[in-house]
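Undergrad:
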Amino acid sequence: TLTCTECGETYPIEDGIPNLLPPDMREEAAA
């Protein structure tokens, strides 16, 4: 995972590509 040093948010890395969508948007994009 990547962690934002500004806000502390963590972002998953999928297939070598960081998913930088905010958590609430990740679920919508996956659906």
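Residue numbering for the sequence shown follows our numbering, starting at 1 and increasing by one per position. Just so you know, even glycine gets a beta-carbon here, dropped at the ideal spot from N, CA and C.
Spatial neighbours of residue 19 within its chain, please: CB distance less than 8 Å, with the 5 preceding and 5 following residues excluded, ordered by chain position.
TA: Correct list, in chain order: 11, 12, 13, 26.
Undergrad: Excluding the five sequence neighbours on either side, which residues of its own chain have a C-beta within less than 6 Å of the C-beta of residue 2, listed in chain order?
TA: So the qualifying residues of the chain are 11, 18.
Undergrad: If we ignore side chains and look at the alpha-carbon of each, how far apart do residue 15 and residue 4 end up?
TA: Each residue's alpha carbon lies about 20 Å from the other.
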